[in-house]
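Written below as C-alpha cells is the structure these notes are about.
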Amino acid sequence: MSLGEMVESPNFRLYDAMSAIEIMDPKMDTGYKSQEDMTLEKAEELGLVSDQVEPQLLVGLMDQLLMYYLLWLDGHTIVQTCFSCLYLQDAPRLLKPLPALGSFVDALLIACQHAKVWDDEDFMPTMFNVDFQASSVFSNDSAKVNEKIKAEREKQDAATACRFIGRYMSALVALAKPKPSTLSSAKGLLAKCTQLLQKKMQDSAQPPSDAVKKRFDASMNRKLLVPGPPRQVTPIEDPKVVFSMWAKHIHELSVSCTLLSKPLGDLLDGVIKEEKSNVLSRSVAQLVVSESGFVRELMQESLEVHLFPAEAAQHCKKQAEPFLQRCESMFLHMLKLTHLNRARRFRRLAHVFPDFNELQHDAYRLDDTLKATFGANLKYSRPTWGFIMDHALQAMITKLLIGFQLDIYEEAELHMIYWYVDYLCGLRIYYLNEIFFAKENAGAKKKAVRPKDASGKGNRPKNPPFSLLLLEAIQSMVRGLFRLLAYCLAEDLLLSPQSVRAGLAQRFVLRFRCLETFRLPHLPSYHDFDQSAVLAEDPAERRSVLSAAQSSFHEASQLLEKVQAALKEDGAERGDDLPKALRRVVVANQLGITQLNRLEHSELSSKKVVAEAVHHPHFVSIQVLDKKKEASNGS
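With the first letter of the sequence shown counted as 1, position 574 gets the number 574 in full-length UniProt numbering; the numbers rise by one all the way through.
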C-alpha cells in the first residue's frame, strides 16, 4: 500500500478504516506487515535453523540470548527478547541435535521461571502463553540441567557460557526460597558468575555477527503481542555494555544475599542503590526481607538500640505484643516500598504517615506501662516512642530526597526542600542524641552531668556512632545548601521563572502536606520558612549569608572526616562511598562560595549559577558561570 491508501474488505470496511484512524486503532499501524513476518517454516527454508552450528556461531547465539535476557529484565516482553530466537520456537525438536545450546537454553528457561518478581510490577514471565516447561529441551530440573552442562564441558568454545548460565540458574533457584543457608550458597554461586563473566569478556568480546542477528527475529511473535502501536526492541550490539550490565546485575543480586545481616535503618534507606536497578534485583530483595520472622528480629534489634527493655516481652506481654504485631505489619510494608521503583515509592510513602501517627500514640501508652513496670530501671523514658519517631522522621527525609532523583523540584524551591530536611534531620539528631547519651550513662552509679550543647542537639554522647555523625554531617550540608541557594535566589543568580517564585506558598503546601498527618513537636509553616529565607536588603549584609553557608560546609567536612575515621576503625565491609560523595558535594559548593565572594556586587549581574546533582543524586552542587560566554556558546 502507498501512503494515504486504505483497504476495504467485508471485515474491514471504509467506515471501519476511518474510525480506526480516529481512535488510533493499532490495525492501521501493524495490520498490513504480515507478509514481512518471519515464520519457522520460512526460517527452515532459508537454512537459518539447522542441526549443525559452527562453534563461533554457537557462542554468538549464547551471547545474544544473554543480552536479550537482560532486555527482558529491563521491561521488554519475553516474546520480543528471549523468544525472538528462531531455535526457541520449537526448542525440543530443533535443539536436541545441539546438546550444548540445548542445555544452555534449558538453564536460561529455568532462570526465567525463577526470575520471580513482585506482581505489583506487572511483570510476569508466563505472559503471552509462553510455556517454559514445554519449551525445555532435555529437562526442566535444575540439577539435571547442571549435570548436562557438566557433560558438555569438553566443548571449550561454549564451555564458559554454559558454566556461567548454570551457576546463575542455580543462584536464582537458591534465592527463590531465601534462608541463611541458601543465601550463602547463592552468594558463592554469584561470585563464581563474576569470575566466569570476566573470563568471558576476555574470550568473546566481539559484536554479534550478521549470521547471529539473522537467527533472532521478533516479528515471528507479533501475533502474540497485545494490540497497540508497534514496539521495537533495539538489541545492544556493544559487548562491553552487555558485560557491564551483567556485572551490575550480579552485584545487585549479591547485595540481596547480605540483607539478613543489615540493621532495620539501613534496609529502610535502601541497600540496593544502583542507578535504575532492574526489577529482578529489587524483587529478590523483597523476597529476602519478607522471610517469616525476619522483620520481627529486625524490630527487636532496633528497639534494643532505642533502649527498649528485653524483659518487656515477658513482663508487659499483654500491652507489648499487640504493639509489636502492628509494628511488624507496618515495617514489612515499609520494606516493600523500599524495593519499589522510585516513582511508586515516592507516591506511596505519602500514605504511611497516618499509620506512623497511630503507632506513635500506641507507643506513648506502652511507654507509660514500661515506666510503671520498670521504674528507675528503665534506661530511657520513651524507648518505643523514640523508636517510632526515629523511623517516621527517616521516612519523611527519604520521601523528600527521592524527589531530587525524580527531578520534580524547580530550582526556586530547592532551598525550601533543604530547609525542611534540615529541620527533620535536627529532630532526628536530637532524639538519637538523647538515646545514645542515656545508653552511655545507663551503668553509671551517679547521675552523669549532661554536657552543654550550644547547637541545640540535646545531650550529646561522648562517643557517638558513625551513623549519627553521618546524619549530623548531612544536616550541616543541607543547611549550607539552604543558605547558599537562598543567597543565589536573592541575587537573581538562579535563572528561575518568576511564576515559580511567586507560587512558593502553594508549592510548600503541595510538597509537605502529606507530612502533616504525623504529629511533630512543631509543624513548620510557610511563614516559618519565609522568615528563615528573607535576606537583608543591604548587599553587604547579604554576604554574611555566604559566610554562614561556608561555615556550615566546613562543619560538614569536619564531621565527614570523623565518619571516615570511624569507618576505618570499624573495619567492616561497609564502604565509605557515601562520605566520599558527600565530601565532593561540600568541596564543589565551597569552591562556588569562594568564587562568589571574590566578585563585587556589581559583577554579580553578569554571572549565573547552575545547581545540579552532579556528585550525589540528592544534594546539588553549584557552578558559577558567565552569562555572556554561555550566550555565545549557545549561539
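All residues carry an ideal CB built from backbone N, CA and C; glycine is no exception.
What you are looking at is a predicted structure, and each value in this text was computed from that prediction instead of being measured.
8 angstroms Cβ cutoff met for residue i and residue j
i: F323; j: T373; result: no
i: I110; j: M62; result: no
i: V421; j: L400; result: yes
i: P627; j: S602; result: According to the sequence displayed, residue 627 carries Lys and not Pro. Cβ atoms of K627 and S602: not closer than 8 angstroms.
i: V585; j: S557; result: no
i: A91; j: V137; result: yes
i: I434; j: N459; result: The sequence given here places Glu at residue 434; Ile does not occur at that position. In this structure, N459 lies closer than 8 angstroms to E434 by Cβ.
i: L190; j: L253; result: yes
i: E413; j: L504; result: yes
i: Y87; j: V49; result: yes
i: residue 642; j: A536; result: Because the chain in this structure spans residues 1 to 635, residue 642 falls outside the shown range and cannot be described.
i: N221; j: Q80; result: yes
i: L57; j: V212; result: yes
i: V295; j: L340; result: no
i: E472; j: L559; result: yes
i: L494; j: A611; result: yes
i: A350; j: F387; result: no
i: E440; j: P465; result: no
i: D217; j: M477; result: no
Contacts around residue i, its chain only, beta-carbon distance under 6 angstroms, and the 5 residues preceding and following it disregarded
i: N146; result: G166
i: M24; result: Bear in mind that a pLDDT of 47 at M24, under 50, signals an unreliable position, so the model cannot answer this.
i: H618; result: L401 and F404
i: H616; result: A581 and V585
i: residue 704; result: Here the chain has residues from 1 to 635 only, and residue 704 is not among them.
i: K200; result: T160
i: A486; result: H415 and A533
i: Y68; result: T81 and C82
i: E22; result: At E22 the pLDDT is 48, less than 50, meaning the model places this residue with poor confidence and gives no usable figure here.
i: Y526; result: A505 and F508
i: L562; result: Sequence inspection shows Lys at residue 562; the Leu mentioned does not correspond to that position. So the list reads L469, once near-sequence residues are dropped.
i: D120; result: Because D120 sits at a pLDDT of 49, beneath the cut-off of 50, its placement in the model cannot be relied upon, and the following sentence gives the value as read from the coordinates. So the list is empty, once near-sequence residues are dropped.
i: G270; result: T338
i: L172; result: A111 and H114
Nearest candidate by alpha-carbon position, reference residue i, set the options
i: L177; options: Q206, C257 and Q133; result: Leu is not the amino acid found at residue 177; the sequence shown has Lys there. Looking at the Cα atoms, C257 is the closest of the given residues.
i: Y430; options: P521, R513, R479 and W419; result: P521
i: S552; options: H616, R598, G480 and R326; result: G480
i: K608; options: L599, L71, E600 and L625; result: L625
i: S496; options: K214, A205, E561 and Y409; result: Y409
i: R598; options: V305, S547 and L468; result: S547
i: S84; options: L95, L94 and S219; result: S219
i: L567; options: P97, V500 and L469; result: L469
i: M245; options: Q198, C316 and D203; result: Q198
i: L406; options: E472, R215, K317 and A613; result: A613
i: residue 638; options: V284, Q52 and Y418; result: In the structure as shown, the chain begins at 1 and stops at 635. Residue 638 is therefore absent and cannot be evaluated.
i: Q206; options: P97, R342 and Q64; result: Q64
i: H391; options: I236, S135, H306 and F482; result: H306
i: S142; options: A438, D106, S135 and Q202; result: D106
i: F132; options: H114, S329, S544 and F436; result: H114
i: E291; options: M38, P180 and L70; result: P180
i: residue 716; options: L523, P524 and L596; result: Shown here, the chain extends from 1 to 635; a query on residue 716 therefore has no answer.
i: K187; options: H315, H76, I388 and V255; result: V255
i: R365; options: R342, E328 and K318; result: K318
Beta-bridge pairing of residue i - partner residues as DSSP gives them
i: L625; result: K608
i: C85; result: F216
Neighbourhood of residue i by C-beta, 7 angstroms cutoff - its chain only, sequence neighbours within 5 removed
i: R519; result: N357 and Q360
i: A312; result: A320 and L370
i: R382; result: D367
i: D122; result: Bear in mind that a pLDDT of 48 at D122, under 50, signals an unreliable position, so the number given afterwards is only what the model happens to contain. Correct list: empty, nothing qualifies.
i: L523; result: E516
Residues near residue i in its chain [Cβ-Cβ closer than 8 angstroms; skip 5 each side]
i: T234; result: none
i: L267; result: L259, V289, L298, L335 and T338
i: L287; result: K116, L175, A176 and P178
i: E152; result: P99, A100, S103, A158, A159 and C162
i: A247; result: T194 and L197
i: M396; result: F353, L424, L515 and F518
i: G592; result: L484, V609, S621, I622, Q623 and V624
i: S499; result: none
i: L264; result: L298, M299, E301, S302, F331 and H391
i: K629; result: none
CB contact below 8 angstroms: residue i versus chain B
i: L510; result: No chain B is part of this structure, which consists of one protein chain only.
Subject >> Whole runs of the beta strand (DSSP E) within the stretch 495-573, excluding any shorter than 3 residues >> reply: none
**OP:** Enumerate, from N- to C-terminal direction, the unbroken alpha helix (DSSP H) stretches of 4 or more residues contained entirely within the stretch 408-437.
**Re:** none
Original post:
In chain order, which alpha helix (DSSP H) runs of at least 4 residues are fully inside the stretch 242-324?
Top reply: 264-269, 279-289, 294-305 and 312-315
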